[in-house]
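The structure appears below as structure tokens.
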Amino acid sequence: MGKQIGIVGAAILFVVCWSSGFIGAKLGAADAAVPTVLMWRFLPLALLLAPFLRPRGTPLREYGRHVLIGLLSQSGYLLTVYWAIGEGVSTGTTALIDGVQPLVAAALAGPLLGVAATGRQWAGLVLGLVGVVLVSWSDAASHAPAWAYLIPFAGMLGLVASTVLERRSRVPAPPLRALAIHCGTSAVIFTGLALATGSAVPPASGHFWFAMTWLIVLATFGGYGLYWLLVGRIGMTAVNSLMFLIAPVTSVWGTVLFGEPFTVLTGVGLGLALVAAVVANGRVSRRSVAGPPPESPGSSPRPCYARAGGTGLPPTSTAPRSRSDGPARSTRRRRDPTPARE
14 MGKQIGIVGA AILFVVCWSS GFIGAKLGAA DAAVPTVLMW RFLPLALLLA
64 PFLRPRGTPL REYGRHVLIG LLSQSGYLLT VYWAIGEGVS TGTTALIDGV
114 QPLVAAALAG PLLGVAATGR QWAGLVLGLV GVVLVSWSDA ASHAPAWAYL
164 IPFAGMLGLV ASTVLERRSR VPAPPLRALA IHCGTSAVIF TGLALATGSA
214 VPPASGHFWF AMTWLIVLAT FGGYGLYWLL VGRIGMTAVN SLMFLIAPVT
264 SVWGTVLFGE PFTVLTGVGL GLALVAAVVA NGRVSRRSVA GPPPESPGSS
314 PRPCYARAGG TGLPPTSTAP RSRSDGPARS TRRRRDPTPA RE
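Under the working numbering, the sequence shown is numbered contiguously, ending at residue 355.
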């Protein structure tokens, strides 16, 4: 009983930490340009994770593959999240678009990985996308331009592409080494971007550094650490189902902290997203395809097929398999491409 309570508590804390990444993005953007926030978010992370970059056991070719995965699932993904929020898209809407990424990955990337999407998963995808449209519509009263709502979808496509790359890796790197490569790549990219735009100098305000601490501790280490803890205890599919709770929690955060509107239409859209998760995962196979979830935007990945993020960094499928994830290989064609998303 005590162990079950501990897992439930860890799951609740995971949802809070992952969603905190979207909030941290808005906190940081209030005092500095997006390149500044991302540069000073990843420089400390790259230094902290540098000891895990030792090449022992990982071919140099795989390092290059993980650099590309990091560019797509972390650098590109987080840039779109921060950009969208900076343009005025609400944190809840951005989180919801991020949250349906596992369904999109299952439908689009599944066939490329030799896994057929089921009717339930297609139904879940349609319901999830309808939910996104409703929430975006209810958010239309904000000052964000219409095109800004397309930005998170660009990040989602990057996550899907990174999923395919990661799943085709023959020699996966250990999770911490992969995270170190991704963070190091993002640190280089965002430092170069900040220098090129003349925004590398951080503001002296305590509010900015509070936001950076929030992003590093809560979104990255909290979200990412709890993600892998839960994967080992309850399996990849169950953990990725929790990603559909991120948008409602983020919407509440945004309403309380920033006064973002939470209308009836918002509630209906979020409810549809939750129903989509139940429909898509109603009968999950124990042999599911996992990929890098989006990093919490403060952090994914998400969790996605993978997502990161809120909102922590996008984990990859290199973690030890739990019993609930089933054997590493199967001679039969798998039917469940939904994840078992810098």
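Glycine residues also receive a C-beta, built at the ideal position from the N, C-alpha and C atoms.
Nearest candidate by alpha-carbon position, reference L84, set L109, L172, V113 and T104
Here the closest residue by C-alpha is L172.
- Would the beta-carbon of S86 fall within 8 angstroms of that of E273? no
Original post:
Any idea if R190 is buried or exposed, counting beta-carbon neighbours within 10 angstroms, 16 or more meaning buried?
Top reply: buried
Practice problem: Measure the C-alpha to C-alpha separation of A200 and L243 and round it to an integer number of angstroms. | Solution: 28 angstroms
Can you tell me the Cα-Cα spacing of Y90 and G197, whole angstroms? 15 angstroms
Reduced DSSP category for E179 - H, G, I as helix; E, B as strand; rest coil: Here E179 carries a helix assignment [DSSP, helix/strand/coil].
*With contact counted as at least three CB pairs below 8 angstroms, one residue from each stretch, are the stretch 92 to 102 and the stretch 156 to 163 in contact?*
Yes: at least three Cβ pairs fall under 8 angstroms.
- Query: So I110 is in the alpha helix (DSSP H); what residue range does that whole segment cover?
  - Reply: T104 to G112
Please list the segments of the beta strand (DSSP E) lying wholly inside the stretch 179 to 247, counting only runs of 3 or more residues, in order along the chain. none
Is F275 helix, strand or coil when you go by DSSP?
coil
Q: List the whole-angstrom C-beta distance separating G144 from G282, where the pair is believed to meet the contact cut-off of C-beta under 8 angstroms.
A: 4 angstroms
Check: How would you label H220, buried or exposed, when you count the other beta carbons within 10 angstroms and need 16 or more for buried?
Finding: exposed
Problem set entry | Length of the line joining the Cα atoms of S330 and G105 | Here the model assigns S330 a pLDDT of 38, short of 50, so the residue's position is not dependable and the matter cannot be decided.
- Query: Out of curiosity, what's the CA-to-CA distance linking V252 and Y240?
  - Reply: 7 angstroms
Q. How about G245: is its Cβ closer than 7 angstroms to a heavy atom in the ligand FAD?
A. No copy of the ligand FAD appears in this structure; indeed no ligand is present at all.
* Asked: Between R180 and M169, what straight-line distance do the alpha-carbon atoms span, to the nearest angstrom?
  -> Roughly 17 angstroms between the two C-alpha positions.
In chain order, what residues of the same chain have a beta carbon less than 8 angstroms from the beta carbon of P216, not counting five sequence neighbours either side?
-> D44, A45 and T49
Taking 8 angstroms as the cut-off, decide whether the C-beta atoms of L140 and L270 are in contact. no
Between F27 and L255, which are expected to be in contact by the criterion C-beta below 8 angstroms, what is the C-beta distance as a whole number of angstroms? Under the criterion of beta carbons closer than 8 angstroms, F27 and L255 qualify as touching, at roughly 6 angstroms.
Check this for me: beta carbons of A193 and L51, under 8 angstroms apart or not? Cβ atoms of A193 and L51: not closer than 8 angstroms.
Margin query: Can you check which of these residues, V230, A174, L178 and V148, is closest to R74 by C-alpha distance?
Written below: Among V230, A174, L178 and V148, the Cα nearest to that of R74 belongs to L178.
Can you round the beta-carbon distance between A157 and G245 to whole angstroms, since I take them to be within the 8 angstroms contact cut? So it is not a contact: roughly 39 angstroms between Cβ atoms.
Rounded separation between A207 and G280 - CA only: Between A207 and G280, the C-alpha separation is close to 38 angstroms.
| Rounded to whole angstroms, how far is the Cβ of L228 from the Cβ of R54, which I believe are closer than 8 angstroms? | Yes, they are in contact, since the Cβ atoms of L228 and R54 sit about 5 angstroms apart, within 8 angstroms.
Whole-Å CB distance - G112 paired with F203, under 8 angstroms assumed: Between F203 and G112 the Cβ distance is about 24 angstroms, and since that is not below 8 angstroms, they are no contact.
Proximity to A59 [Cα-Cα], best of A174, L147, F234 and T176:
F234
State buried or exposed for A319, treating a residue as buried only when at least 16 other CB atoms are found within 10 Å of its CB. Because the pLDDT of A319 is 37, which lies under 50, any placement of that residue in the model is unreliable, and the number read from its coordinates should be weighed accordingly. So A319 counts as buried.
Margin query: Extract the residue ranges of the alpha helix (DSSP H) inside the stretch 132 to 174, only unbroken runs of 4 or more that lie entirely within it.
Written below: Segments of the alpha helix (DSSP H) lying fully in the stretch 132 to 174: 132 to 151.
First through last residue of the alpha helix (DSSP H) which encompasses L77: A small correction: the amino acid at residue 77 is Gly; Leu does not occupy that position in the sequence shown. Residues L73 to G83.
For V148, is the classification buried or exposed, using 16 other Cβ atoms within 10 angstroms of its Cβ as the cut-off for buried? buried
What's the call for T210, buried or exposed, on a 16-neighbour Cβ count within 10 Å?
exposed
Report task. Report the option in T107, T276, S175 and A174 whose CA atom is closest to the CA atom of L142. Result -> T107
How should V291 be labelled, buried or exposed, when 16 other C-beta atoms within 10 angstroms of its C-beta is the threshold for buried? The residue in question, V291, is exposed, as its Cβ has fewer than 16 Cβ neighbours within 10 Å.
Alpha helix (DSSP H) segment containing A97, residue limits
If you look at A97, you'll find it in the alpha helix (DSSP H) that goes Y90 to G99.
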